[in-house]
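Right, dumping it as structure tokens:
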């Protein structure tokens, strides 16, 4: 099994580890093991037609973890599936490094009181936390009240699970306040635009009246004509 590691630069760094299994169809072994590594990550099976995703927690609690039910073997071998290319089968793991590293460095106690010891649930909670952070990092105008309500519910679930997220609760309150200010600001802008529209119409009417009055004034200043008198 060939293992390759690539760093992808994006909004936050990710590391992609790709395993390439050659001559997959002719393999007789029941199990293949990669080189040892420890990380919290999501894996996907890649092909031109499909991308099958799965997230798991890797670590000392489950060092020999494997996924046997992601999808059946006959689906991999099916020609129309696109998973096998020239007899090669690829497994890709993408690791969110920078965001998780900064999070744990800034808040080392964040997960110290998590009640569940189940690695799958811990990974699920961590994924929910990262998704919540990514949601709150968006511009306020991209989030609706429903989005904020769902974010508040997610925060409640994480807090009930034992996460220490006072700092994130403040961020959520700050985002809600900004959303309210934005909504009020947009309403005020529309109100001012309507007032300005009315004022512009009044100005236009006054300008027309002014031109008419100037013409009448000009006529009043003109000397009397005696052309009809002699």
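Numbering (my numbering), first residue to last: 1196 to 1425.
Ideal Cβ placement from N, Cα and C applies to all residues, glycine included.
Rounded to whole angstroms, the separation of the alpha carbons of residue 1213 and residue 1285 is 7 Å. For a cut-off of 8 Å, the C-beta gap from residue 1271 to residue 1358 is around 37 Å, too long to register as a contact.
Straight through space, the alpha carbons of residue 1329 and residue 1399 are spaced by roughly 50 Å. Cβ-Cβ distances below 6 Å link residue 1333 to nothing in the same chain once the five nearest sequence neighbours on each side are left out. Across the structure, residue 1379 and residue 1369 are spaced so that their CA atoms are roughly 15 Å apart.
Shown here, residue 1213 sits in a strand according to DSSP, grouped into three states. The residues 1356, 1357, in chain order, have a CB closer than 8 Å to that of residue 1310 in the same chain once the five nearest residues on each side in sequence are set aside.
Residue range 1361–1416 is occupied by the alpha helix (DSSP H) that includes residue 1380. Distances from the CA of residue 1297 to each of 1403, 1325, 1376, 1320 were compared; the closest alpha carbon is that of 1325. DSSP links residue 1280 through a beta bridge to 1283.
Residue 1216 places its beta carbon less than 8 Å from that of residue 1283.
The C-alpha of residue 1331 lies about 11 Å from the C-alpha of residue 1373. Straight-line spacing of the CA atoms in residue 1221 and residue 1269 works out to 14 Å. Here residue 1334 carries a coil assignment [DSSP, helix/strand/coil]. For residue 1275, there is no enclosing alpha helix (DSSP H), as DSSP gives it neither H nor E.
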